[in-house]
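Using our numbering, the first residue of the sequence shown is number 1, and each one after it goes up by one.
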Amino acid sequence: DADLARRTLLGKNENIDVSEENKQKSGDWEEYVGNIPYEVGRIPAVPAATTVFPYTGGFVSALMHQFKVFPAMLKYARAHGAEGSSVVMSSTCNNDQQMCTHYAMLAKG
């Protein structure tokens, strides 16, 4: 059910503005959402490397994450993760705290 999936995804992030006014500014909401491929699932509970890193939402933060944080997490996960497994990383950022938390699974799930 697309409506249930949308409510589930939007319920995870309180900062997403789904008001009627914003929908009108953004164009056809259903057409936009309908074109985004996604799946809802649960990540298995496995050992993981975690790190927190400052986040401002700006260009410099994006560069630091792309060229410093992600490569370091990838290198660590490859060195300490399960042999032969792909590296799976997940990130979440909090605008209020100006901090991102990054996870890299170290075992097969």
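Glycine included, each C-beta is placed from N, C-alpha and C at the ideal position.
Residue i vs residue j beta-carbon contact at 8 Å
| i | j | result |
| --- | --- | --- |
| VAL116 | ALA77 | The structure shown does not extend to residue 116, since the chain is modelled only from 1 to 109, so the question has no answer here. |
| ALA48 | ALA82 | no |
| MET99 | VAL52 | yes |
| THR50 | THR101 | yes |
Buried/exposed call for residue i, threshold 16 Cβ in 10 Å
| i | result |
| --- | --- |
| MET73 | buried |
Residue from the options with nearest C-alpha to residue i
| i | options | result |
| --- | --- | --- |
| ILE80 | MET105, VAL52 and PHE53 | In the sequence as presented, Ile is not what sits at residue 80; that position holds His. With distances taken between Cα atoms, HIS80 lies closest to MET105. |
Sequence-distant residues of its chain with Cβ nearer than 6 Å to residue i (five each side left out)
| i | result |
| --- | --- |
| THR92 | THR101 |
Contacting residues, own chain, Cβ-Cβ under 8 Å from residue i (five flanking each side not counted)
| i | result |
| --- | --- |
| GLY41 | none |
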